[in-house]
Amino acid sequence: MIDRQHLAILREVSRRGSVTAAAEKLNVTQSALSHTVAKFEERHGIKIWMKTGRGLRLTQTGEYLLSVAERVLPQMEHAERVLTDFALGRRGALRVGMECHPCQRWLTRVATPYLIRWPDVDFDVRTAFRFDGVEALLGYEIDLLITPDPVEASDLIFTPVFDYELVLMVHETHPLASRSSVQPHDLIDEELITVPVTLERLDIYTKFLVPAHCRPRQHRTAETIDLMLQLVCAGRGVTVLPDWLLNEEAAGMPIRALRLGEAGIGKSINLGVRRGEEKTSYIDGFLKLAGEMGRSPAPDDITNGQELP
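No gaps in the numbering here: position 96 of the sequence shown is 96 in the UniProt record's numbering, and each next residue is one more.
Structure below.
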């Protein structure tokens with residue numbers, strides 16, 4: 001019989017690299033942990049791991065059980081948290097993950113009224129799930145995913161909450177600043193500043209530069225939106241961000257917004273949940289509130305006095 005203890009042991013040994021460290025995490029002695037594993041192996045006639053020098057190597061059986069542990073344990077832990085919430089009189093727990101840096105700015109607008117409307121819901125934001133949120137959502141590590149890139153999955157439902165446009169931001173004295181739009185070849189001599197993700201996840205590359213066989217002269221990353229804006233203000237490069245962010249973050253800065261191509265690059269922020277949970281009261285409440293909030297509190301799409309065409 002497989003129980004939670006066996007799966008927890010396997011997961012912790014894999015995470016921490018040794019039986020000693022896993023035993024310490026699980027608050028048991030090393031001998032007790034080893035004895036539990038030995039009895040499990042004897043009962044099923046298998047070997048979970050093999051010793052290789054001072055380390056351990058999972059067998060094929062061990063690898064399979066580890067994959068089971070990584071799927072099952074998060075769901076069990078989630079169920080326990082929900083039961084605790086019910087026991088404490090709370091309506092539930094909503095764990096939100098994000099797949100884009102600007103999404104955090106948008107979330108702050110929705111979070112305040114949501115916390116007021118749903119005072120009995122435990123609200124938690126998991127920034128650790130940036131850029132790998134679908135896996136976290138499927139694995140029950142989060143309950144709602146904010147993403148600009150929804151995927152088709154039978155177990156998930158994505159709801160768009162507002163549309164926006166990605167724009168190129170340059171210093172107001174930049175040679176391109178007088179233009180209303182730019183083409184891929186205009187960025188060949190530029191230093192492009194982006195968030196720290198792979199190029200395959202950057203729309204400026206996949207939807208603009210790569211199809212035109214163009215590359216910027218230099219590509220660097222910045223951890224925060226504030227730093228990206230400050231670098232542009234200092235003339236240290238150009239960057240690409242959602243147009244609505246300019247209204248809120250770049251007001252008063254010497255920055256101009258330019259359309260990427262004649263048609264621009266349109267995007268949407270989407271909220272993803274597991275299928276069947278979209279009608280859960282506090283999740284449905286968040287989805288409806290996000291729709292009510294709309295795309296931005298700014299009255300129009302004018303960025304620093306410049307209206308995008």
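From the three backbone atoms N, C-alpha and C, an ideal C-beta is built for every residue, glycine too.
At a cut-off of 4 residues, the continuous stretches assigned as alpha helix (DSSP H) that sit fully inside the stretch 184-234 are 225-233. Residue environment analysis places Ile-116 among the exposed positions, since fewer than 16 neighbouring C-beta atoms fall within 10 angstroms of its C-beta. The Cβ atoms of Leu-66 and Leu-138 do not sit closer than 8 Å to each other. The C-beta of Glu-262 has fewer than 16 other C-beta atoms within 10 Å across all chains shown, which makes the residue exposed.
Around the beta-carbon of Glu-99, 16 or more other beta-carbon atoms lie within 10 Å, marking it buried. If you keep only unbroken beta strand (DSSP E) runs of at least 3 residues inside the stretch 2-52, you get 49-52.
With contact defined as three or more Cβ pairs closer than 8 Å, the stretch 228-237 and the stretch 102-121 are not in contact. In this structure Ile-283 touches Glu-277 by the C-beta definition: roughly 6 Å separates them, less than 8 Å.
C-alpha of Phe-286 to C-alpha of Tyr-114: approximately 7 Å in a straight line. Taken through DSSP and simplified to helix, strand or coil, Leu-156 comes out as strand.
Counting along the chain, the unbroken alpha helix (DSSP H) around Pro-113 starts and ends at 101-117.
Per DSSP, Met-98 lies in no alpha helix (DSSP H) segment; the continuous beta strand (DSSP E) that holds it begins and ends at 92-98.
A contact between stretches requires three or more CB pairs, one per stretch, nearer than 8 Å, and the stretch 55-63 fails this requirement with the stretch 20-38.
Comparing alpha carbon positions, the residue from Pro-119, Pro-102, Cys-103 and Met-76 closest to Leu-94 is Pro-119.
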